[in-house]
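**Student:** Following this message is one structure expressed as structure tokens.
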């Protein structure tokens, strides 16, 4: 894993990818701080957290999208997968190198609340640094998600597109959940699409048709049971709760009010772990495909 880590870190910091992505993050933070804190005369750096989170999402997407497609394009993927490493070592080596760049970006972000507290004594420095820490936790989640998308994709553009769709879906998830929770009747098409979607996700993650069928059955059984009992609203309420759990931007309102939500940070890190496990499974599937092709 250390060999992959060193190689990735040299690539990121020795080229445009790492520094260009950092420039984007700092530019977003600078523009947000200028308009909200300086022009808007609002001294609290926590007011920027939603824009910082979006900037971090963009930063991680640019940083990670080409991680695995770049190996394929440079024809170094076979050499990478031939290393005497487990799939977890390959994925984690790439992820840890990118997380180091994320930490560097967060360290630079921390200069903004420090400068703001020096310029305006009324600005709360501790809350501003807590805001940066929250964005850093989101950065871990975004980096794991973007690298996972990269592991599944054949091109950097496709990886970034899938990742951007996930981020956008998470951003608008509370509104979508509110609409779903108002529904009362389950259509026959929905009865088919829900298990089909679960099966496709399981098949994509594990590369196993049997896993797809099992996931589809696990989803279909309770849904069909509630439908036959006439409790369709229970299904939609459960779906709404699940959608709200996937709304990663919703806890930011607490941070903007200078409340550090530890539960949200733990949740983001847990989701990062889930994305990392999924990415490792994708790398394992790629390695197996390469072995069969030889």
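Numbering (my numbering), first residue to last: 25 to 318. Cβ atoms here follow ideal geometry from the backbone N, Cα and C, with glycine treated the same way.
1. Am I right that residue 220 and residue 240 are in contact with their C-beta atoms under 8 Å? What's the rounded C-beta distance?
2. On the three-state DSSP scale, how would you describe residue 39?
3. With 16 as the cutoff for other CB atoms within 10 Å, does residue 312 come out buried or exposed?
4. Under 8 Å by Cβ, that's how I've got residue 158 and residue 73 pegged, so tell me the actual separation to the nearest angstrom.
5. Please go through the same chain and pick out, in chain order, the residues whose beta-carbon is closer than 6 Å to the beta-carbon of residue 133, but skip the five residues on each side of it.
6. Per DSSP, what kind of secondary structure is residue 92 in: helix, strand or coil?
7. Within 10 angstroms of its Cβ, does residue 249 collect 16 or more other Cβ (buried), or is it exposed?
8. Mapping DSSP to helix, strand and coil, what is residue 108?
9. Which runs of the alpha helix (DSSP H) fall wholly inside the region 208-254 and span at least 4 residues, in chain order?
10. With a floor of 3 residues, list each beta strand (DSSP E) that falls wholly inside the region 153-209, ordered by position along the chain.
11. Can you name, in chain order, every residue of its own chain whose Cβ lies under 7 Å from the Cβ of residue 191, other than the five neighbours on each side?
12. Which of the three DSSP states is assigned to residue 273 in this structure?
13. Helix, strand or coil, according to DSSP, for residue 65 in the structure here?
14. Smallest Cα separation from residue 187: which of 174, 289, 178 and 97?
**Tutor:** According to the structure shown:
1. Sequence index remark: in the chain shown, residue 220 carries index 196 (1-based). Sequence index remark: in the chain shown, residue 240 carries index 216 (1-based). Right, the Cβ-Cβ distance comes to about 7 Å (below 8 Å), so this counts as a contact.
2. In the chain shown, the residue the question calls residue 39 occupies position 15. Three-state DSSP puts residue 39 in coil, outside helix and strand.
3. As a first step, residue 312 is located in the chain shown; it is residue number 288 there, counting from the start. Looking at its Cβ environment, which holds fewer than 16 other Cβ atoms inside 10 Å, residue 312 is exposed.
4. Counted from its first residue, the chain shown places residue 158 at position 134. Counted from its first residue, the chain shown places residue 73 at position 49. Residue 158 to residue 73, Cβ: 7 Å. Contact.
5. The residue given as residue 133 occupies position 109 in the chain shown. Same-chain partners within the cutoff: 53 and 156.
6. The residue given as residue 92 occupies position 68 in the chain shown. Of the three classes helix, strand and coil, the one that applies to residue 92 here is coil, per DSSP.
7. Counting from 1 along the chain shown, the entry for residue 249 is found at position 225. Under this definition residue 249 is an exposed residue.
8. In the chain shown, residue 108 corresponds to position 84, counting from 1. Note: residue 108 maps to coil in three-state DSSP.
9. 212-230 and 233-252
10. none
11. One-based indexing of the chain shown puts residue 191 at position 167. For residue 191, where only same-chain residues beyond five positions count, the Cβ hits under 7 Å are 81.
12. For the purposes of this step, residue 273 is taken as residue 249 along the chain shown, with counting starting at 1. In the structure shown, residue 273 sits in coil (DSSP, three-state: anything other than H, G, I, E or B).
13. The sequence position of residue 65 within the chain shown is 41, counting from 1. DSSP places residue 65 in coil when its eight states are reduced to three.
14. For this step, residue 187 is matched to residue 163 along the chain shown. Selected option, being the one with the closest Cα: 174.
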